[in-house]
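Line by line, the protein sequences give chains A and B.
Okay, so the first sequence: first residue is 25 according to our numbering, each after it adds one.
Okay, so the second sequence: first residue is 50 according to our numbering, each after it adds one.
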Amino acid sequence: MNENFDALWRALPQLVDGVIITLQLTAGGALLAIVVAITFGLLARFENIILRGFARIVIELFRGTSLLVQLFFFFFVLPLPPFNLELPAVFTGILALGLNYGAYGAEVVRGSIGAVPAGQWEATTALSMSRTQRMWRVIFPQAWALMLPSLNNLLIQLLKGTAVVYLITIVDLTAELNRLRVQTDVYFAYGLGLLIYFAIAYLLTLGMNALETRAKHRLGQGGKWRDTITTAPIPDAKGAGQFG
Amino acid sequence: MNDDNSFWSWEHAAAAFPEILEKFLTVTLVVTIIGSIIAAVLGLAIALGRRTAPRPVSALITLVMNFIRMTPLVVQLLFAYYVFTTVPPIVLGTIIIGIHYATYMAEVYRAGIDAVPPGQWEATTALSMSPGRTWTAVIIPQALRSTLPALANYVISMFKDTPFLMVITVVEMVRQAQLYGSKNFRFVEAVIIAGLIYLVASYLSSLLARRLEKRLEYTTA
C-alpha cells in the first residue's frame with residue numbers, strides 16, 4: 025500500500041494536469057453545448073420550414089450518431105483537403121462534446137419552452153410585447169427553470185463523455201490513470217480515478233442545483249437554499265421521454 | 050488507386066462497407082441486445098431492492114447506484130479489464146455496459162412503481178395478498194407498462210455507447226472503421242459509413258420506440 029502512495033506522490037503533478045485537462049474539456053464542451061442547445065432549440069421552434077428543417081437535421085445528425093464517430097470524424101477527417109483544419113486535439117474534443125451534447129440539449133430547450141403554460145404566451149400578446157421581449161422577459165426565464173434538471177444530467181453525461189478523448193491523443197485524467205496503473209496496482213489507480221470523477225460530478229450537480237433554486241427564486245417560486253446541498257443528484261436520461 | 054487525393058472514393062467505400070456492416074451485426078447489435086437484457090433485469094432488481102430491503106441495505110444500494118451512474122463508463126471498463134484479466138473482453142464489456150445502464154433503468158422502474166396508484170396497494174391489502182403476489186401480480190405488471198418507452202430510450206443510448214468498448218480491445222463497428230482508416234490511410238469513407246449506419250439504425254429504433262409508446266397509450270387509457 026505504501027508503494028502505491030509513493031507512486032501517487034510522484035505522479036501527482038501529472039495527475040493534477042490530467043484533472044485540469046478534463047475540467048477544460050468539460051467547461052469548454054458545456055459552454056459550446058449550451059450555445060448550440062439554445063440556438064438550435066429556438067430554431068427548431070420557428071415556423072419557417074427552412075430554419076426549422078436546418079435545426080432538425082443538425083440535431084438528428086448529432087443525436088443519431090455516436091460521440092466516438094463524431095470525435096473520429098473531427099479528428100481524422102477535418103485535417104484532410106476540403107477542410108484543411110488542423111485543430112489542436114483539445115479543441116477537437118471540445119467540438120465533438122459540445123455538438124453531441126448540445127444536440128441533446130436542444131431537444132431539452134425546445135421541450136421546456138413548449139412546456140411553459142399557454143396562459144403566459146397569451147398574456148404577452150395581451151401586453152402587446154414584441155417577439156424578443158416575449159421570449160427573453162417572460163418565456164425563457166420560466167423555461168430555464170424547467171430545463172435545468174435535464175441540463176444537469178446532460179452535464180454529468182458530458183463529463184463522463186470526456187473520458188474517451190484519450191483515444192485522440194489528449195492526455196486527460198483517464199490517460200493519466202492509465203499511466204498511474206503501471207506504477208501502482210489496478211484497484212488503487214482506477215479506484216482513485218473513479219473517486220475523482222465522482223467528486224467532480226457531485227460538485228457540478230451541487231452547482232446546477234443552486235442554479236435551479238436561483239432560477240426558481242427569480243420566478244417567485246419556493247425552494248430552500250439548504251435543499252440544494254442535501255438534494256441527491258436528480259437522475260434522468262439524456263432526453264428521457266423524448267424520441268426522435 | 051489513382052483518386053487518392055479526392056475527398057470521397059467509392060472504391061474505398063465499397064471495400065470498407067462489408068467489414069463495418071459485419072461488425073455492426075456481429076458485435077454492436079449483439080452487445081446492445083445482451084447488454085439491454087442485463088440492464089433491464091438488474092435494473093428491476095436494484096429498484097425492488099431499494100424499495101423492499103431494510104434501511105441500511107437500501108441506502109448502500111442507492112450509494113453504489115449513484116456512484117456507478119456518476120462515473121465514466123470508460124474508466125469502469127478499464128478497471129474491470131485489468132482486474133478480470135481472464136474474462137474475454139467482449140463478455141466483460143457487455144456485462145459492464147449492462148451494469149452501467151442498469152443504474153439508469155433502476156430509476157425508470159422506480160418512477161414506474163411510484164406511479165402505480167395507491168388504490169392498487171390498498172386493494173392488495175384488502176384481498177390479503179402476500180407481498181410476493183402483490184409485486185408479481187399487481188404492481189410490476191402495471192409499473193412495467195409505463196416504463197417501456199423510457200427503457201427503450203436507454204437501449205438506444207446504450208447502442209450509441211457500445212463504441213466505448215474499444216478501450217478494452219473489443220473491435221466493434223466504429224473501431225473497425227478506424228482500423229480500416231489506419232490500414233489504408235483513408236478515414237473519410239470508413240468513419241462516414243459507420244456514422245450513416247448509426248444514423249439509420251437509431252432513426253429506425255426511435256420510430257419503433259415511438260410506435261411502442263403510441264400503442265401503450267391506447268392500452269393504458
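Even glycine gets a Cβ: it sits at the ideal position worked out from N, Cα and C.
Cα atoms of Leu178 of chain A and Phe115 of chain A: separation of roughly 20 Å, rounded to the nearest angstrom. Along the stretch 162-193 of chain B, there is no position whose C-beta sits under 9 Å from a C-beta of chain A. Looking at the backbone, the Cα of Leu39 of chain A and that of Gly244 of chain A are separated by about 44 Å.
For Ile180 of chain A, the C-beta contacts it makes with chain B under 9 Å involve Arg118, Met119, in order along the chain. Close to Ala94 of chain B, with beta-carbon spacing below 8 Å, lies no residue of chain A; the smallest spacing is near 17 Å. Per the coordinates, the alpha-carbon of Leu248 of chain B lies some 45 Å from the alpha-carbon of Asn28 of chain A. Assigned with DSSP and collapsed to three states, Arg69 of chain A falls in coil, not helix or strand. Across the structure, Phe212 of chain A and Ala68 of chain A are spaced so that their CA atoms are roughly 47 Å apart. In this structure, the straight-line span from the alpha carbon of Leu123 of chain A to that of Gly53 of chain A is close to 8 Å. For Ala169 of chain A and Lys240 of chain A, the gap between their C-alpha atoms comes out near 6 Å. Shown in chain order are the members of the stretch 93-109 of chain A whose Cβ falls below 7 Å from a Cβ of chain B: Val93, Phe96, Phe97, Phe100, Val101, Leu104, Pro105, Pro106. Comparing alpha carbon positions, the residue from A:Gln166, A:Phe99, A:Pro112 closest to Ser231 of chain B is A:Phe99.
The C-alpha of Val189 of chain A lies about 37 Å from the C-alpha of Asn72 of chain A.
Between the alpha carbons of Leu253 of chain B and Arg99 of chain B lies a distance of about 35 Å.
Listed along chain B are Tyr247, Leu248, Ser251, Tyr252, each with a C-beta nearer than 7 Å to that of Gly88 of chain A. Excluding its 5 nearest sequence neighbours in each direction, Phe70 of chain A has C-beta neighbours in its own chain below 8 Å: Arg76, Ala79, listed in chain order.
Burial of Thr77 of chain B is indicated by the presence of at least 16 other C-beta atoms within 10 angstroms of its C-beta.
Not one beta carbon of chain B lies nearer than 7 Å to the beta carbon of Lys248 of chain A. Of all residues in the stretch 181-210 of chain A, the ones placed with a Cβ closer than 8 Å to any Cβ belonging to chain B are Leu183, Lys184, Gly185, Thr186, Ala187, Val188, Leu191, Thr198, Leu201, Asn202, Arg205, Val210, in chain order.
With a threshold of 7 Å between beta carbons, Val106 of chain B makes no contact with chain A.
Taking C-beta separations shorter than 6 Å and ignoring five residues to either side along the sequence, the partners of Ala127 of chain A in its chain run Ile83, Phe86, Arg87, following chain order. Taking C-beta atoms as the reference points, Ala151 of chain B and Gly92 of chain B count as a pair closer than 7 Å. Here the stretch 137-154 of chain B makes contact with the stretch 107-127 of chain B; the two share three or more CB pairs at distances below 8 Å. Ranked by Cα distance from Ser90 of chain A, the options B:Arg259, B:Val216, B:Met222, B:Leu109 are led by B:Met222. Within the same chain, Cβ atoms closer than 8 Å to the Cβ of Val123 of chain B are found at Phe213, Val216, the five residues on either side in sequence being excluded. Residue environment analysis places Ser55 of chain B among the exposed positions, since fewer than 16 neighbouring C-beta atoms fall within 10 angstroms of its C-beta.
By the C-beta density criterion, Ala258 of chain B is buried, having at least 16 other C-beta atoms within 10 angstroms.
Among the residues facing chain A, Gly142 of chain B is not included, as its CB has no counterpart in that chain under 7 Å away. DSSP places Arg194 of chain B in the uninterrupted alpha helix (DSSP H) bounded by 189-210. In this structure, the alpha-carbon of Gln207 of chain A lies about 10 Å from that of Asp30 of chain A. It is roughly 9 Å from the alpha-carbon of Arg158 of chain A to the alpha-carbon of Gln144 of chain A. Contact between Gln191 of chain B and Gln225 of chain B does not hold, since the beta-carbon distance rounds to 43 Å and is not under 8 Å. Among the residues facing chain B, Gly217 of chain A is included, as its CB has a counterpart in that chain under 7 Å away. Within chain B, the residues placing a beta-carbon under 8 Å from that of Ala225 of chain A are Met119, Thr120, ordered along the chain. Put simply, the CB of Val240 of chain B is near chain A, with a gap under 7 Å to one of its CB atoms. A residue is called buried when at least 16 other Cβ atoms come within 10 angstroms of its Cβ; Phe107 of chain A does not meet this threshold and is exposed.
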